[in-house]
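Chains as they are written, first to last, in our numbering: chain R, 435 to 937; chain G, 435 to 937; chain H, 435 to 937; chain S, 435 to 937. For every residue, glycine included, the Cβ atom is placed at its ideal position computed from N, Cα and C.
Number of protein chains: 4
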Amino acid sequence: MIRVPAEAAGRLSDAWRYSVGTGRIELALRRDYIDSLSLTQREIGFRHIRGHGLLSDGMGVYRPYDHKGARRVHHSFTYVDQVVDSYLALGIRPFLELGFMPAELASGEQTVFWWRGNVTPPRSHQDWAGLVRATLRHLVDRYGLDEVRTWPIEVWNEPNLPDFWQGADEKAYHLLYEVTAHAVKEVDADLQVGGPAISPGADDWLVRFAEFTEDREVPLDFVSRHAYTSGPAQHVPFGVHQTLGPASGLLEQFGTPRRQLQGTRHAELPVHITEFNSSYRPDNPVHDTAFHAAYLAPVLAAGGDLADSFSYWTFSDMFEEIGVPTALFHGGFGLLTHRQVRKPTYHLYAFMARMGPERLARGHDHLVTRHSDGRVTVLAWAPVDPTGETPGPDRHDVHLSIPVAARGEAFLRRSTVDEEHGNACTAWRHMGSPRSPRAGQLDVLHEAAEPARSHRRLPLADGRADLRLTLARHEITLVELTPLTDETPPWWDERRLLGGEAS
Amino acid sequence: MIRVPAEAAGRLSDAWRYSVGTGRIELALRRDYIDSLSLTQREIGFRHIRGHGLLSDGMGVYRPYDHKGARRVHHSFTYVDQVVDSYLALGIRPFLELGFMPAELASGEQTVFWWRGNVTPPRSHQDWAGLVRATLRHLVDRYGLDEVRTWPIEVWNEPNLPDFWQGADEKAYHLLYEVTAHAVKEVDADLQVGGPAISPGADDWLVRFAEFTEDREVPLDFVSRHAYTSGPAQHVPFGVHQTLGPASGLLEQFGTPRRQLQGTRHAELPVHITEFNSSYRPDNPVHDTAFHAAYLAPVLAAGGDLADSFSYWTFSDMFEEIGVPTALFHGGFGLLTHRQVRKPTYHLYAFMARMGPERLARGHDHLVTRHSDGRVTVLAWAPVDPTGETPGPDRHDVHLSIPVAARGEAFLRRSTVDEEHGNACTAWRHMGSPRSPRAGQLDVLHEAAEPARSHRRLPLADGRADLRLTLARHEITLVELTPLTDETPPWWDERRLLGGEAS
Amino acid sequence: MIRVPAEAAGRLSDAWRYSVGTGRIELALRRDYIDSLSLTQREIGFRHIRGHGLLSDGMGVYRPYDHKGARRVHHSFTYVDQVVDSYLALGIRPFLELGFMPAELASGEQTVFWWRGNVTPPRSHQDWAGLVRATLRHLVDRYGLDEVRTWPIEVWNEPNLPDFWQGADEKAYHLLYEVTAHAVKEVDADLQVGGPAISPGADDWLVRFAEFTEDREVPLDFVSRHAYTSGPAQHVPFGVHQTLGPASGLLEQFGTPRRQLQGTRHAELPVHITEFNSSYRPDNPVHDTAFHAAYLAPVLAAGGDLADSFSYWTFSDMFEEIGVPTALFHGGFGLLTHRQVRKPTYHLYAFMARMGPERLARGHDHLVTRHSDGRVTVLAWAPVDPTGETPGPDRHDVHLSIPVAARGEAFLRRSTVDEEHGNACTAWRHMGSPRSPRAGQLDVLHEAAEPARSHRRLPLADGRADLRLTLARHEITLVELTPLTDETPPWWDERRLLGGEAS
Amino acid sequence: MIRVPAEAAGRLSDAWRYSVGTGRIELALRRDYIDSLSLTQREIGFRHIRGHGLLSDGMGVYRPYDHKGARRVHHSFTYVDQVVDSYLALGIRPFLELGFMPAELASGEQTVFWWRGNVTPPRSHQDWAGLVRATLRHLVDRYGLDEVRTWPIEVWNEPNLPDFWQGADEKAYHLLYEVTAHAVKEVDADLQVGGPAISPGADDWLVRFAEFTEDREVPLDFVSRHAYTSGPAQHVPFGVHQTLGPASGLLEQFGTPRRQLQGTRHAELPVHITEFNSSYRPDNPVHDTAFHAAYLAPVLAAGGDLADSFSYWTFSDMFEEIGVPTALFHGGFGLLTHRQVRKPTYHLYAFMARMGPERLARGHDHLVTRHSDGRVTVLAWAPVDPTGETPGPDRHDVHLSIPVAARGEAFLRRSTVDEEHGNACTAWRHMGSPRSPRAGQLDVLHEAAEPARSHRRLPLADGRADLRLTLARHEITLVELTPLTDETPPWWDERRLLGGEAS
């Protein structure tokens, strides 16, 4: 038994909810996307949202034209405004990523993804700077300077990969960053700009990027990188399988930038992990499982010690990097499927959102917090075996002594997600894996996605509850203990319900 | 094991949903009432709604005034229109009950209920007839004759009780009925009028009423009565306890009118049980229990054989006959509490609403139906002991062989309500019986009110599934079996989820 | 022409929106009421709401019972919570009025209104104090102390009238106030309590009340009174006609308490006019007219100089003091009719809600304000003749020179309400005064209730617009001038719309 | 004066609302699109909707893959289902257009539009037939055969233009049609298939197409073509200007197919004008004007005599054939702009939707209908000069004698749209043509888009009203005359409003 202290060990960091990822920004025009984001914000409440393609052609921003023989540019925000208006209305702010290249401004034709984002440098850095300034001026004008100063601005995405940045040309990225950072600061010196948004496997880039900005006195308000733990893709039609490293590998990656910058002038800069997940593939069925929630639970519980944010890639399966999904469950990154079916990892986030601000305890299988009104909340999870060599233990016991500031009894509310509960994907497979579920089947899936719940009273002794939890394979569970005020009238006697004699 | 035949035994009667009861009509102006009715209609879908007080002062219909020295009457429908507009917008039609007496038209001052409905005869039968005609003409004018012809019109309520009709004066009721029925038919000969709306314990009234209408050639389009099974009230503060007779007593009462009218000219008249429940008290906690759902399950399954409708009294705890409720759970009649917490009996109705139109089998603990798309639906319930002498069996097995028109496997979806599941009242007692639950507590109660769900595959052999159900104490359970089409791709191999070798 | 200064003369007081009146609190359970309040809050945004009957029987708060031979009291908040939850959800706070007397606590049987509020002193001042404490403790417990401290608490209503307080017994009121104020402060010393809520015509009461509280050291956090300008009622069926004094009489009454308290210890106390209107009758058709809006316009524009609030009696026609209304337009107090048809006086408030925080000018027929973004807003109104001897001028010119911080042009948006525009009552009379309008007729009324709008450009010279407004009889008009940025592209040429030659 | 007969001349054809056009089907995933369609359906109520790109890559239907060395095809309906579910939920049905070519099935790389629809023939007609069958089978399976039989199925779009069909190869189109029609009928013989969906200027195609189907015994259930009246485009940046022919040119085109097929075996086939508008350009500002509504009014009034449907191209500015719009008003086809600002032509349709089923009269400037409840509805319009040589008359009088089955008076309700009223584009230009209007500006635009309304009484003589309407330039007006029942009480005397003496 672990005795949870009654004194808080500290605050629960908000880093887990600081940001979430999204498919390309243009998708924010879609209704299913907005329905999913609306649900997510109601039940989880992320602070910022980050995705690719803000400046790609689908958003229609960069619009050169000829008039009276001269070439000019309209910067047009028809869709940008629709998207950002939606975000703010849902209480979420952009984490701006500046990219990719408008075709008319691009120096080449290389594209990435099914939706063909151009990944070549600008043919004119001056015009690119103009585009950046016009975009930020418009945003400041429409939403106010105080608002836009809270939006981090990241330059490009994973320039260390040749798929994302032509030739993975580091020098060209440094130039792009320099031009961009200055353009941003011309609009307002307090706008926050950063990079280099690298993928795992190129850690040196961050060191050289920091040195470059120092050497050249280029503004830098934060650094960013990504984190993934999957091995190479083994393809099947419309899907992949991959090995996974242990979840601690994510924490290891989260911690890298601070370690790298220690002792430098940049040591105090905010660190944003602007993408993370297990697999980097949007067609890996592991994303849909209870395993995945249990795998990530310790990461969410501890990641805030290592970085200022870590942004789950992505909140919704409305995502098209490798094309339009061919089945409801297809291994997408989303916390939610199309049509808002909650996956187990969604519940992990929703459970985190119900934790309190005071952190009382944290262990390898649990996190305990307290709310200002005295409620104590426990998130517990079963250990997993990411090698797949064993199925993981089929039960796991957690035994905690919990301080509850009350006498008599506490009210216990438990929510459970495991292989059979809160697990629409399991129900979907039982149903025969219908690629296009009908209305009635979707009802069943929404129903199956609800966590199992139970409620009971727990006796208190000396201001403590003895909490024994048995977790099933791959279970994550949320327990809420509330000090109980008993208003049951003295004359209540359940035995008299059917007219029997009072005892 | 019971072998359910593949051929339908008949249609499942709609009598259980033909009508539902409501607190006095004026309450339909309330928001909580409309929120509850809206939920009820979405998930259950009653056809008609019946309550007291359409003509009572709170509705403001009968409005005498003096002008130029003469006394005249406005018939005013400000609130009637708001109520009926709401009903029709929610897809439910009035089952009109004409009563009680406007104070200005009353011959005496006797009232019933906390809200003081006047229960004395009219001081002028001519003015009463004028009120009836004006009301129906207005409804026909506003909603159309085709519509209003579908609304049964019942004359008064429980005139056999001196609390409801001054002196329980049978002759005075016959006169009231005669005047009213003629007034109704003056508006349109095809409007449907009936009575005598008697409470249990006065069965002779119905016989004499039928004879009276025959003798005097008074229009009579249906007969009506009520059914309850509770014994005398043992009072505690803000509550009562009562013994209950067996549920079969309700079916016995449902069947009485047809037996009484057999062989008479009225033998073919529709029979409406315009109120039924176990206890007739709105403060008996039995209404809030899983016991109650299991107790009534066989009544809903079989009642349609005996009467054209039986109207549960009432859909919502928004009800004030003995005053404003002092706690969220207070033993009210409602299927829903204030603020729309579903009770077990609500789920019984919601389960019935998911049964199919073809009745395949019915037993003492089950009802089996089929939908046109091949789904087979089973409602099963645990037997209860209404004497309270035993707690009832703590488990009950139901074993059925179900015909499913498919090969391979069926998809099974089960919803369970018992002492611990789908049972907000149990959670509320665990919580300390908070009389005015706060927002967070209401969330827990809504969550606790959800039935437990499970989903799995069931093998089929020779077009049959072997369904073994174990029910807990006081459980009602709904099982839906769907023929399964398996779209799982041939390459799917769960063992490869974590990158393992294909088998 | 009046030259509006470019420098603000001061802030526009919020007193006009600090509070609004409502029919008895129980009506807040109704859907139509909530729909109306929701609209009102969206378009006007009052801060507080005050009505009678919080403690009357319809709210079910005071609930004595016997148990084991002893008499005890439950204080029950089933409905109070539903109402206050609704208010806060709509962004409006209670202005608590403590009254009337629960029947079981009353010393007599005298009632007021169709809905029978008991207006007799408590039979036990100790039990009354217990009721007050229990109510406030519950509210503090449920909504938090910080919240409830912002709710003024007024003791009783118009005790100077024998209809509202048995015998208009001043000494008995002082006693009630003393007991109540102490009970309030026992719950928390910072709760705000006040009185005496007198009607016009008893000004001395306020002086003696202030002296009494000083002499006895009774807590007093604000003083309150009411203001009306109508003469005696001339009855017709379901209506009255009354003469009206000039609107300045309202301002005169608003100013009385400060004048009366000048030089006393209470000179700095907040003054709340907790009810005001022209006529005090809920069946005077003047409330439904454009005349009424124009009559009150100068009162809203200037009242904030004289009192801390003045609360329009009432926001909605959902009001039953003299019974259920018999027609849609019936002279009710409401800014809105049943079913949310906006009256001209509603628009007056909605126009006020669009005024800016800086007051630039105020005259006998206009008020000019500015928003922080540079928009200048003008409310103008036609003078009225409240004697009815003349119809009032059929046109009225307002000519203002308005400072607008821009070059070139301003965008002008004008909204008009007069006898023919924004005037559903006029359309209703054209329609034949249908007492129960049908759905289609309600659509027309909602449409007819929309103000007339026009939009144009206005040239600026030296940072000023020359604004000439012609107002029709009984018109109120809102003009908004916005500095204009012209994004029209240089190639735009309307003459080419149909393919014509460029000019 | 024109004396409108009291006897109906016939039914008002529904052809004007049978179908409406849409930007490519993929856009139906967007929220703004659905918001616009939802408004349109609520206020207009089209029956069918037709757009391009159902089978284009953006919808993700045709999905070849390799498995165990073989190439196979998934037909995937993830997005098709989301779109069709949305349509049906809004009460509108698909008018299916089969096209364009999935890249993986295409024989070439030619594309049309900014969004790059492939317009080359299939590389395998067998695979194309498989795609058609799979699509229709899926739709039948999901939505039911009865439903899908009501959806016309059109083969390709404007094959007579080389932009839309590689080489405008007529023979290749005939082959495509033949293969497609047979594939459709293989799914169900009662599905409705047709073509050739030609643009104006290729009338012979229709004759040869009809002959071809007859010669080859190819199924043909309807014929279709398009109609436009604009001249060549004169480009300006982000816009064009074009001359327009007279509106009668549209009626002329509507009538062509029936004339062409007269006397042939196909004479009785339904004729669908599957696109029509004035200009065929989505950047012609004429679409946004009051002129456009007045220009099209006679077409909507009379088109039903000539064809079974004529489908306005398109309901919303959410349309991307030439790219993302750069300003709110940009000359788009839409009845609605982005963000649901109603254009004058939207009102023309909304006015049509309020006409009655009985047609009483039709003239060069008016259409008169009657509803079953006796309301008489008049749509009147001012004549326009499409040459632009004159601005059109600045006023136009319409004088009608209207039969109204009532005595005394009628209630008149008039809605007006002209250069200044119901005309958000005019307000937008006054505002400075803001390309990205802010929230407050959008409010003004929505307000400015409301038609002007007036209401009054009109005397009747011998069952007739003398209706004199003066129309402003480019005005369309809707007048509704309702028989009036006067419920004004005899004691009502407006002169007593302010307490004056009764007369």
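Using DSSP with H/G/I as helix, E/B as strand and the rest coil, what is D515 (chain G)? Correct three-state label for D515 (chain G): helix.
Beta-carbon proximity list for R788 (chain S), same chain, < 8 Å, skipping 5 on both sides: T811, L912, E914
May I ask you to list the residues that DSSP assigns as paired with P939 (chain S)? One cannot answer for residue 939 (chain S) here, as it falls past the ends of chain S, which runs 435 to 937.
Quick one: which chain R residues come within Cβ less than 8 Å of H572 (chain H)? Result: empty, since nearest Cβ-Cβ is about 12 Å, beyond 8 Å.
When you compare each of S:Y662, S:L703, S:E702, S:S510 to G683 (chain S) by their alpha carbons, which one comes out closest? Considering only alpha carbons, the answer is S:Y662.
Reduced DSSP category for L769 (chain R) - H, G, I as helix; E, B as strand; rest coil: coil
Which residue spans inside the segment 798 to 856 of chain R form an unbroken beta strand (DSSP E) run of at least 3? 800 to 804, 810 to 815, 829 to 837, 843 to 851
Of the choices H:S447, H:H482, H:P439, whose alpha-carbon is the least far from that of G738 (chain H)? H:S447
Check each residue of the segment 917 to 929 of chain H: if its Cβ is closer than 7 Å to any Cβ of chain R, include it; give the result in chain order. Across the segment 917 to 929 of chain H, CB contacts with chain R closer than 7 Å involve W925, in sequence order along the chain.
Rounded C-alpha distance that separates A736 (chain S) from S633 (chain S): 21 Å
Could you check whether the Cβ of G866 (chain R) sits closer than 8 Å to any Cβ belonging to chain G? So, interface residue.
Quick check on M789 (chain H): does DSSP put it in helix, strand or coil? coil
Less than 8 Å between the C-beta atoms of A741 (chain G) and A449 (chain G), yes or no? yes
With respect to the alpha helix (DSSP H) encompassing F744 (chain R), which residues constitute its N-terminal and C-terminal limits? Premise fails: F744 (chain R) lies in the beta strand (DSSP E), 743 to 746, not in any alpha helix (DSSP H).
When you compare the CB of H509 (chain H) with every CB in chain R, is at least one pair closer than 8 Å? no
Name, going along the chain, the residues of the segment 497 to 523 of chain G whose beta-carbon falls closer than 8 Å to a beta-carbon of chain S. H501
List, from N- to C-terminal side, the alpha helix (DSSP H) runs of 4 residues or more that fit wholly inside the segment 452 to 518 of chain H. 465 to 477
Taking CB distances under 8 Å as the criterion, tell me whether G757 (chain G) reaches chain H. yes
Which ranges would you report for the alpha helix (DSSP H) in the segment 511 to 564 of chain R if only whole runs of at least 4 residues count? For the segment 511 to 564 of chain R, whole alpha helix (DSSP H) runs of length 4 or above, ordered along the chain, are 512 to 523.
In chain S, which residues lie with their C-beta within 7 Å of the C-beta of R872 (chain R)? R576
Taking the Cβ atom as the reference point for each residue, do E853 (chain H) and A724 (chain H) lie within a distance shorter than 8 Å? yes
On a Cα-Cα basis, can you pick out the residue from S:L573, S:V507, S:A504 that is closest to L522 (chain S)? S:L573
Cβ-Cβ separation, H660 (chain G) to T614 (chain G) (assumed contact under 8 Å), whole Å: With 8 Å as the limit, T614 (chain G) and H660 (chain G) do not qualify as a contact, their Cβ atoms being about 19 Å apart.
Around the C-beta of R793 (chain S), are 16 or more other C-beta atoms found within 10 angstroms, so that it is buried, or is it exposed? So R793 (chain S) counts as buried.
For D515 (chain S), which residues of its own chain have a beta-carbon under 8 Å away from its beta-carbon, when the five flanking residues on both sides are left out? The beta carbon of D515 (chain S) sits closer than 8 Å to the beta carbons of R576 from its chain, once the five residues preceding and following it are set aside; these are given in chain order.
Alpha helix (DSSP H) containing D580 (chain R): first to last residue? Where D580 (chain R) is concerned, the enclosing alpha helix (DSSP H) stretches over 579 to 582.
Need the endpoints of the beta strand (DSSP E) that A899 (chain G) sits in, please. 898 to 906
Can you tell me which of the three DSSP states R869 (chain G) falls into? If DSSP states are grouped into helix, strand and coil, R869 (chain G) belongs with coil.
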